[in-house]
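Here's the structure, in structure tokens; my notes come after.
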Amino acid sequence: NQPGGRILELCILHIAMAEIAMLGTRYQIVINE
Numbered sequence: 001n002q003p004g005g006r007i008l009e010l011c012i013l014h015i016a017m018a019e020i021a022m023l024g025t026r027y028q029i030v031i032n033e
């Protein structure tokens with residue numbers, strides 16, 4: 001078990017969630033217009 005890999009995993013997960021949230025927000029804006 002190496003802590004570096006775990007941190008990297010969490011970073012990737014965080015970035016992915018942020019991108020999904022951004023896409024979801026953009027999608028809602030498109031629907032509203």
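All the letters of the sequence shown, read from the start, carry residue numbers 1 to 33 under UniProt numbering.
The beta carbon of each residue, even a glycine, is placed where N, CA and C say it ideally should be.
The structure presented is a predicted model; accordingly, all values stated were derived computationally and were not measured.
The DSSP-derived three-state label of Gln28 is helix.
Each residue's CA atom was taken as its position, placing Ile12 and Arg6 some 10 Å apart. As the crow flies, the alpha-carbon of Thr25 is around 13 Å from that of Glu33.
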